[in-house]
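This report refers to the structure that appears directly beneath it.
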Amino acid sequence: MGLDAETGVFMLLFLDLAYDEAKAKAGCARWPTSTRRSSTRGEATAPKMMTVTAAMIGLMPIMWSIGTGADVMKRVAAPMVGGLATSFALELLVYPAIYLLWRWHTEVRHAAAAVPEV
Numbered sequence: 418m419g420l421d422a423e424t425g426v427f428m429l430l431f432l433d434l435a436y437d438e439a440k441a442k443a444g445c446a447r448w449p450t451s452t453r454r455s456s457t458r459g460e461a462t463a464p465k466m467m468t469v470t471a472a473m474i475g476l477m478p479i480m481w482s483i484g485t486g487a488d489v490m491k492r493v494a495a496p497m498v499g500g501l502a503t504s505f506a507l508e509l510l511v512y513p514a515i516y517l518l519w520r521w522h523t524e525v526r527h528a529a530a531a532v533p534e535v
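See the structure below:
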């Protein structure tokens with residue numbers, strides 16, 4: 418769970434940085450072009466992939482072990498490998514979509530508040 422939180426923070430940080438960079442370049446964040454572009458660019462960052470890959474590679478010897486105590490350790494390592502794989506898929510597919518919806522919602526609300534009522 419700690420590794421998922423850590424990589425989730427990486428994801429949010431890089432999505433925010435990509436969004437702010439796109440907003441600064443365009444002068445304003447236009448929906449859907451700059452927001453969508455920043456979310457897809459932010460999800461392709463290497464630190465998340467390196468963190469998850471290193472943890473999975475570290476757990477593989479435990480999964481393949483056959484010595485004394487291997488049956489207990491496999492029961493500990495298997496959920497960790499599955500959790501890492503699920504976490505990684507969520508970070509690449511779900512988190513950018515939620516971030517995109519959140520940014521769209523805040524931009525639309527901000528734009529609606531800026532328009533004076535007649």
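Note that the sequence shown ends on residue 535 in this note's numbering; no numbers are left out.
Cβ atoms here follow ideal geometry from the backbone N, Cα and C, with glycine treated the same way.
(request) Check each candidate in Thr-523, Ser-504 and His-522 and name the one with the smallest Cα separation from Lys-470. (result) What you label residue 470 is simply residue 53 of the sequence shown in a count that begins at 1. The sequence as given places Thr at residue 470; Lys does not occur at that position. The residue among Thr-523, Ser-504 and His-522 with its C-alpha nearest the C-alpha of Thr-470 is Ser-504.
Q.
For the alpha helix (DSSP H) containing Thr-485, name the first residue and the last one.
A. Within the sequence shown, the letter at position 68 stands for residue 485. It is not in any alpha helix (DSSP H) - Thr-485 carries neither H nor E in the DSSP assignment.
Compute the beta-carbon to beta-carbon distance between Met-480 and Val-498, rounded to the nearest angstrom, for a pair I have assumed lies under 8 Å.
Walking along the sequence shown from the start, residue 480 turns up at place 63. Walking along the sequence shown from the start, residue 498 turns up at place 81. Contact holds; Cβ gap of about 6 Å.
Could you tell me the distance, in whole angstroms, from the CA atom of Leu-507 to the CA atom of Glu-524?
The residue you call residue 507 lines up with position 90 of the sequence shown. The residue you call residue 524 lines up with position 107 of the sequence shown. Roughly 24 Å between the two C-alpha positions.
- prompt: Rounded to whole angstroms, how far is the Cβ of Thr-468 from the Cβ of Leu-420, which I believe are closer than 8 Å?
  reply: Taking the sequence shown and counting its residues from 1, the one referred to as residue 468 is at position 51. Taking the sequence shown and counting its residues from 1, the one referred to as residue 420 is at position 3. Confirmed, Cβ separation roughly 7 Å.
inquiry  = Quick check on Met-480: does DSSP put it in helix, strand or coil?
reply    = Taking the sequence shown and counting its residues from 1, one reaches residue 480 at position 63. Met-480 falls in the helix class under three-state DSSP.
Buried or exposed for Leu-432, going by 16 or more other Cβ atoms inside 10 Å? For the purposes of this step, residue 432 is identified with residue 15 of the sequence shown, where counting begins at 1. Counting the other Cβ atoms within 10 Å of the Cβ of Leu-432 gives 16 or more, which makes it buried.
| Would a C-beta distance cut-off of 7 Å place Met-466 and Leu-501 closer than the cut-off? | The residue labelled residue 466 in the question sits at position 49 within the sequence shown. The residue labelled residue 501 in the question sits at position 84 within the sequence shown. For Met-466 and Leu-501, no; Cβs fall outside 7 Å.
**Study point:** Close-in-space but distant-in-sequence residues of the same chain around Ala-463 (CB under 6 Å, 5 per side omitted)
**Key:** Along the sequence shown, read from residue 1 onward, the residue named residue 463 stands at position 46. Apart from the 5 residues on each side of it in sequence, Ala-463 has no Cβ closer than 6 Å to any other Cβ in its chain.
Using the Cβ count rule (16 or more neighbours within 10 Å means buried), how would you classify Ala-441?
Within the sequence shown, residue 441 is the residue found at index 24, counting from 1. Taking all protein chains shown into account, Ala-441 has fewer than 16 neighbouring C-beta atoms within 10 Å of its C-beta and is therefore exposed.
- request: Give the single residue among Leu-434, Glu-423 and Met-418 whose Cα lies nearest to the Cα of Tyr-516.
  value: Here residue 516 refers to the residue found at position 99 when the sequence shown is read from its first residue. Taking Tyr-516 as reference, the option from Leu-434, Glu-423 and Met-418 with the minimal CA-CA separation is Leu-434.
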